[in-house]
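Residues 351 to 1019 (my numbering) make up the sequence shown, in order.
Below is one structure, written out as structure tokens, with a few remarks after it.
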Amino acid sequence: MSSAVVSEPGLDRAPAHTVGLVLAALLGAVALNLHHTAVWCAPLALGVAVWRARTWRARPQPPRRLAWRMLRNVLVVVLTIAALLDFHSGGSLGAAASLLVVMAALKLSETSERRDWMIVLGAALFLLLAACLDAQALWRVPLYAAELWLLCSGLYALGAGNEAPSPRVLLLYAGRSLAAALPLALLLFLCFPRLPGAFWAVPQPGDAVTGLGNDLSPGSISQLIASSDPALRVRFDGPLPPTSERYWRGPVMHFFDGFSWHRARLYDPAPPLQFSGTPYRYEVTLEPNQQYNLIALELPQKPPVEFPAFETFDYQLVTPIPLLRTMNYQLVSYPQHHSLGPLPPAQRQLDLQLPLKRNPRSVQLAHQLRARVTTDAAYVTEVLDYLRHGGFQYTLDPPELGPDSIDDLLFRTRQGFCGHYASAFAMLMRAGGVPARVVTGYLGGEWNRFGDYLLVRQSSAHAWTEVWLDGRGWVRVDPTAVVSPASLTQQLDGLAPAGGVETRLANASWILSTVQAWQAVNAWWQDRVVSYNYTHQLGLLDRLGLGSEQWHALAWLLAAGVGVWLALIAWAQRPRGVRARTDALARAWRMLERKLEHSIAARAQYEGPIAFAERVGRLRPELGPGLRALARRYARLRYGPAASSLDVQRFRRAVRLWRPRSRRRSPGA
351 MSSAVVSEPG LDRAPAHTVG LVLAALLGAV ALNLHHTAVW CAPLALGVAV
401 WRARTWRARP QPPRRLAWRM LRNVLVVVLT IAALLDFHSG GSLGAAASLL
451 VVMAALKLSE TSERRDWMIV LGAALFLLLA ACLDAQALWR VPLYAAELWL
501 LCSGLYALGA GNEAPSPRVL LLYAGRSLAA ALPLALLLFL CFPRLPGAFW
551 AVPQPGDAVT GLGNDLSPGS ISQLIASSDP ALRVRFDGPL PPTSERYWRG
601 PVMHFFDGFS WHRARLYDPA PPLQFSGTPY RYEVTLEPNQ QYNLIALELP
651 QKPPVEFPAF ETFDYQLVTP IPLLRTMNYQ LVSYPQHHSL GPLPPAQRQL
701 DLQLPLKRNP RSVQLAHQLR ARVTTDAAYV TEVLDYLRHG GFQYTLDPPE
751 LGPDSIDDLL FRTRQGFCGH YASAFAMLMR AGGVPARVVT GYLGGEWNRF
801 GDYLLVRQSS AHAWTEVWLD GRGWVRVDPT AVVSPASLTQ QLDGLAPAGG
851 VETRLANASW ILSTVQAWQA VNAWWQDRVV SYNYTHQLGL LDRLGLGSEQ
901 WHALAWLLAA GVGVWLALIA WAQRPRGVRA RTDALARAWR MLERKLEHSI
951 AARAQYEGPI AFAERVGRLR PELGPGLRAL ARRYARLRYG PAASSLDVQR
1001 FRRAVRLWRP RSRRRSPGA
């Protein structure tokens, strides 16, 4: 006796839109990953999808040729290696997405059973997850939602098999399911315990915006000023500081080689400070920048408590890990302050260092200016007067400087921007015996009235100088303010110094309002959704009156919410008007059984209507056709789509009209 293997039904006779939905869902998932997959992945997926759309009705032959099998195995190995070689360009997530595209395309090339199509759709779901992990920009959310809707419609179509309804019905079913799942998703988002770190985002080192670096060379600040990308957003708990005090402190430079300034590592404690004036409390949202510095308004009272950070000897806020994702932290800053102690000898020596035999004319100029005055404060004023009246110009496109960059700036080109003049001023201070260092950061900011925050762009990058004056401590001196007061005012007002895009937008108020409104919405999305963490969860518990420290309340809140959601789902799925129709249908079938109870054995409890009709047909062939028709009709009304009242009425009428014929007596009986 031979046995046949029963396989799953394929899609060879399914409606064309079922295959179309699956292919569209796969291509949509591939499109969402174009930015970090290999360049050949999309053409590969598109080519295989087009070929499969043309050949899906052809039933594959079971005994494949050996050559085709070998070719397919070679393709698997070659494409897998090619996907893994892409690891060096974008990181692990991009390589994993490329590998998923390869596997989905190869599986699509051999689909024959419903199980194969389900695997293809599963790969598309994982591709959607990869896209969500890689980028959470607000403008991508509608694309993710549309792709998820398409994927769920494809799942419905595969589940229905050859009886799949129209695409409109499939989309309707999928939309209802997603709408029903949305409250549960929001509940899990709000209450599921959050782990520290970027749990829902996989940072990609190549994607972070380059910000302020570890050194300052002619041209470095100019590159940042050419970028209008956001650097940080600041929300103040109270009034904003005056524009003249909006200096955002970043990396501090100490070593000078005659051309570039570099950071220093010194483990001495910073001189103690006495803060005075108005304190400003604020929250910073810092964009990824591949650096280790937290940007702060001068001068922060202490490091933030949200994550590990420490203050260096030169009042920088430094983290032990690079900032590869958006960071939120809170600070308190005092723009007015003075040192309570003297400058430590090691720091004084560090900030008086000058390279030998470099910039000799500038050193000679410093000695001449120093000889005119007796105090350090007077020498600072003397050098500023020299820059103010020396015919210097501010420009973002200065001439190139030679190895002795300060000599070239002061005696040849006389053109530069903030980095040039901060470097020259610090060098002249050191040559005159005054400790000095160069501070880089940002200046000013653009107020967004829709989001109530200050937006600081990369174009606001700035450099200034700090000098040590005995009895006062480190004092900020901005030489750009004396060379070009107009450019400094523009930066403090949040405009690009060279009349860039921000300046042109300011002349079109409606365009500026639209841009700021969109920026505010994006900021809310980034701060309240993408950056939602355990601290936000504790704040939610506090607002609900459950106590900010009762983390176990999250579990109770989650359990209660899930219970309410399940109750609502059960209530929505309750029988509405169906019970009466079902009872009428059952009564009609019972009427049919009563018509047969005198001529045939009663229906057993395990016996379905169609099986009962088949048994009656074998025993009473003259009753078989009519009873089978009624049994199939009853099964369709009972177990098929919801029966209408009219259908049940018609069935009852047919049962009433049906009469079982008596068995004919034989002649002579």
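Every residue gets a Cβ at the ideal spot worked out from N, C-alpha and C, and that includes glycine.
Note that the structure is predicted; figures quoted are calculated from it, not measured.
Original post:
Just the Cα atoms here: how many angstroms apart are residue 701 and residue 742?
Top reply: One-based indexing of the sequence shown puts residue 701 at position 351. One-based indexing of the sequence shown puts residue 742 at position 392. Each residue's alpha carbon lies about 26 Å from the other.
**OP:** Starting from the C-beta of residue 830, find all residues in its chain whose C-beta is less than 6 Å away, skip the five residues before and the five after it, and write them out in chain order.
**Re:** Along the sequence shown, read from residue 1 onward, the residue named residue 830 stands at position 480. Result list for residue 830: 768, 771 and 838, in chain order.
Subject >> Inter-stretch contact (C-beta, 8 Å, three-pair minimum) for the segment 585-605 and the segment 773-788 >> reply: The segment 585-605, when compared against the segment 773-788, does touch it at the 8 Å Cβ threshold.
Original post:
With burial defined as no fewer than 16 other Cβ atoms inside 10 Å of the residue's Cβ, what is the status of residue 955: buried or exposed?
Top reply: Within the sequence shown, numbered from 1, the residue matching residue 955 stands at position 605. Label assigned to residue 955: exposed.
Original post:
Could you check where the alpha helix (DSSP H) with residue 695 kicks off and where it finishes?
Top reply: As a working mapping, residue 695 is identified with position 345 in the sequence shown. Residue range 695-700 is occupied by the alpha helix (DSSP H) that includes residue 695.
Original post:
For residue 367, which residues from the same chain have a beta carbon less than 6 Å from its beta carbon, with the 5 sequence-adjacent residues on both sides left out?
Top reply: The residue you call residue 367 lines up with position 17 of the sequence shown. Excluding residues within five positions, the ones whose Cβ falls inside 6 Å are 517.
**OP:** Identify the continuous alpha helix (DSSP H) that holds residue 455 and give its terminal residues.
**Re:** The residue you call residue 455 lines up with position 105 of the sequence shown. It spans 442-458 - the alpha helix (DSSP H) in which residue 455 sits, taken as one unbroken run.
Subject >> Among 627, 679 and 815, nearest to residue 634 - alpha-carbon criterion >> reply: The residue given as residue 634 occupies position 284 in the sequence shown. Looking at the Cα atoms, 679 is the closest of the given residues.
Original post:
My guess is that residue 729 and residue 719 are in contact by the Cβ rule of under 8 Å, so how many angstroms apart are they, rounded?
Top reply: Sequence index remark: in the sequence shown, residue 729 carries index 379 (1-based). Sequence index remark: in the sequence shown, residue 719 carries index 369 (1-based). That belief holds up - the Cβ atoms of residue 729 and residue 719 are roughly 7 Å apart, short of 8 Å.
Original post:
Thinking just about the alpha-carbon of each residue, which of 833, 734 and 377 is nearest to the one in residue 500?
Top reply: Working through the sequence shown from its first residue, we reach residue 500 at position 150. 377 is the residue among 833, 734 and 377 whose C-alpha sits nearest the C-alpha of residue 500.
Subject >> Length of the line joining the Cα atoms of residue 474 and residue 451 >> reply: Locating residue 474 in the sequence shown gives position 124, where the first residue counts as 1. Locating residue 451 in the sequence shown gives position 101, where the first residue counts as 1. In this structure, the alpha-carbon of residue 474 lies about 8 Å from that of residue 451.
Original post:
Do you know whose CA, among 864, 404, 372 and 445, lies nearest residue 386's CA?
Top reply: Walking along the sequence shown from the start, residue 386 turns up at place 36. Selected option, being the one with the closest Cα: 445.
Original post:
For residue 1010, which three-state DSSP category applies?
Top reply: In the sequence shown, the residue the question calls residue 1010 occupies position 660. Of the three classes helix, strand and coil, the one that applies to residue 1010 here is coil, per DSSP.
Subject >> The beta strand (DSSP E) enclosing residue 580, as first and last residue numbers >> reply: As a working mapping, residue 580 is identified with position 230 in the sequence shown. DSSP places residue 580 inside the beta strand (DSSP E), whose first and last residues are 580-586.
Subject >> residue 739 to residue 733 span [Cα, whole Å] >> reply: Residue numbering aside, residue 739 sits at position 389 when the sequence shown is read from its first letter. Residue numbering aside, residue 733 sits at position 383 when the sequence shown is read from its first letter. Answer to the nearest angstrom: the Cα atoms are 10 Å apart.
**OP:** Using alpha carbons as the reference points, say which of 805, 382 and 775 lies closest to residue 590.
**Re:** Here residue 590 refers to the residue found at position 240 of the sequence shown. The candidate whose alpha carbon is nearest that of residue 590 is 805.
Original post:
Beta carbon of residue 637, beta carbon of residue 581: below 8 Å?
Top reply: Residue numbering aside, residue 637 sits at position 287 when the sequence shown is read from its first letter. Residue numbering aside, residue 581 sits at position 231 when the sequence shown is read from its first letter. Yes, the pair counts as a contact, with Cβ atoms nearer than the cut-off.
**OP:** Rounded to whole angstroms, what's the CA-CA distance from residue 511 to residue 863? Just pull it up for me.
**Re:** Position 161 of the sequence shown, counting from 1, holds the residue named residue 511. Position 513 of the sequence shown, counting from 1, holds the residue named residue 863. Between residue 511 and residue 863, the C-alpha separation is close to 52 Å.
Original post:
So, is residue 460 buried or exposed, given that buried needs 16 or more other C-beta atoms within 10 angstroms?
Top reply: Mapped onto the sequence shown, residue 460 falls at position 110. Residue burial is scored here from C-beta neighbours: residue 460 has fewer than 16 other C-beta atoms within 10 angstroms and is therefore classed as exposed.
Original post:
Do residue 794 and residue 773 have their CB atoms nearer than 8 Å?
Top reply: Taking the first residue of the sequence shown as position 1, residue 794 is located at position 444. Taking the first residue of the sequence shown as position 1, residue 773 is located at position 423. Going by C-beta atoms, residue 794 is not nearer than 8 Å to residue 773.
Original post:
Since residue 796 is in the beta strand (DSSP E), which residue starts that stretch and which ends it?
Top reply: What you label residue 796 is simply residue 446 of the sequence shown in a count that begins at 1. For residue 796, the enclosing beta strand (DSSP E) has its first and last residue at 796-798.
Original post:
For residue 948, is the classification buried or exposed, using 16 other Cβ atoms within 10 angstroms of its Cβ as the cut-off for buried?
Top reply: Indexing the sequence shown from 1 puts residue 948 at position 598. That one is exposed.
Subject >> Burial state of residue 777 (16 or more Cβ within 10 Å) >> reply: Taking the sequence shown and counting its residues from 1, the one referred to as residue 777 is at position 427. By the C-beta density criterion, residue 777 is buried, having at least 16 other C-beta atoms within 10 angstroms.
Original post:
Of the residues 825, 894 and 800, which one's Cα is nearest the Cα of residue 869?
Top reply: Here the question's residue 869 lines up with position 519 in the sequence shown. When each option's Cα is compared against that of residue 869, the closest is 800.
**OP:** Whole angstroms is fine: what's the gap from residue 502's alpha carbon to residue 369's?
**Re:** Here residue 502 is taken as the residue at index 152 of the sequence shown, counted from 1. Here residue 369 is taken as the residue at index 19 of the sequence shown, counted from 1. Residue 502 and residue 369 have their C-alpha atoms roughly 14 Å apart.
Original post:
In chain order, what residues of the same chain lie with their CB nearer than 6 Å to the CB of residue 621, ignoring the 5 residues before and after it?
Top reply: What you label residue 621 is simply residue 271 of the sequence shown in a count that begins at 1. Excluding residues within five positions, the ones whose Cβ falls inside 6 Å are 689 and 691.
Original post:
Excluding sequence positions up to five away, which residues of its chain have a Cβ less than 8 Å from the Cβ of residue 815?
Top reply: As a first step, residue 815 must be located in the sequence shown, where it is residue number 465. Exclusion of the five residues before and after residue 815 leaves 772, 775, 776, 779, 786, 787, 788, 789, 826, 827, 828 and 829 as the residues of its chain whose Cβ lies within less than 8 Å of its Cβ.
Original post:
So, helix, strand or coil for residue 937, using DSSP?
Top reply: Here the question's residue 937 lines up with position 587 in the sequence shown. In the three-state reduction of the DSSP assignment, residue 937 falls in the helix class, which pools H, G and I.
Subject >> DSSP bridge partner residues for residue 543 (one or two, in chain order) >> reply: Sequence index remark: in the sequence shown, residue 543 carries index 193 (1-based). Answer is none; residue 543 lacks a bridge partner.
Original post:
In the segment 932-1005, which residue ranges form an unbroken alpha helix (DSSP H) of at least 4 residues, counting only runs that do not cross its ends?
Top reply: Entirely contained in the segment 932-1005, the alpha helix (DSSP H) runs reaching 4 residues are, in chain order, 959-969 and 974-989.
**OP:** Confirm, please, whether the CB-CB distance from residue 630 to residue 649 is below 8 Å.
**Re:** As a working note, residue 649 is residue 299 in the sequence shown. As a working note, residue 630 is residue 280 in the sequence shown. Cβ distance not < 8 Å, so residue 649 and residue 630 don't count as in contact.
Subject >> Simplified DSSP assignment, three categories, for residue 487 >> reply: In the sequence shown, the residue the question calls residue 487 occupies position 137. Residue 487: coil per DSSP, three-state reduction.
Subject >> Selected residue, minimal CA-CA separation from residue 675, among 893, 908, 644 and 754 >> reply: In the sequence shown, the residue the question calls residue 675 occupies position 325. Nearest C-alpha to residue 675: 644.
**OP:** In angstroms with no decimal places, state the Cα-to-Cα distance between residue 365 and residue 508.
**Re:** By one-based count along the sequence shown, residue 365 stands at place 15. By one-based count along the sequence shown, residue 508 stands at place 158. One Cα belongs to residue 365, the other to residue 508, and the distance between them is close to 10 Å.
Subject >> Through-space distance from residue 632 to residue 660, alpha-carbon basis >> reply: For the purposes of this step, residue 660 is taken as residue 310 along the sequence shown, with counting starting at 1. For the purposes of this step, residue 632 is taken as residue 282 along the sequence shown, with counting starting at 1. Linking residue 660 to residue 632 through their CA atoms gives a straight-line distance of about 18 Å.
Original post:
Does the Cβ of residue 497 have 16 or more other Cβ atoms within 10 Å, making it buried, or fewer, making it exposed?
Top reply: Within the sequence shown, the letter at position 147 stands for residue 497. Under this definition residue 497 is a buried residue.
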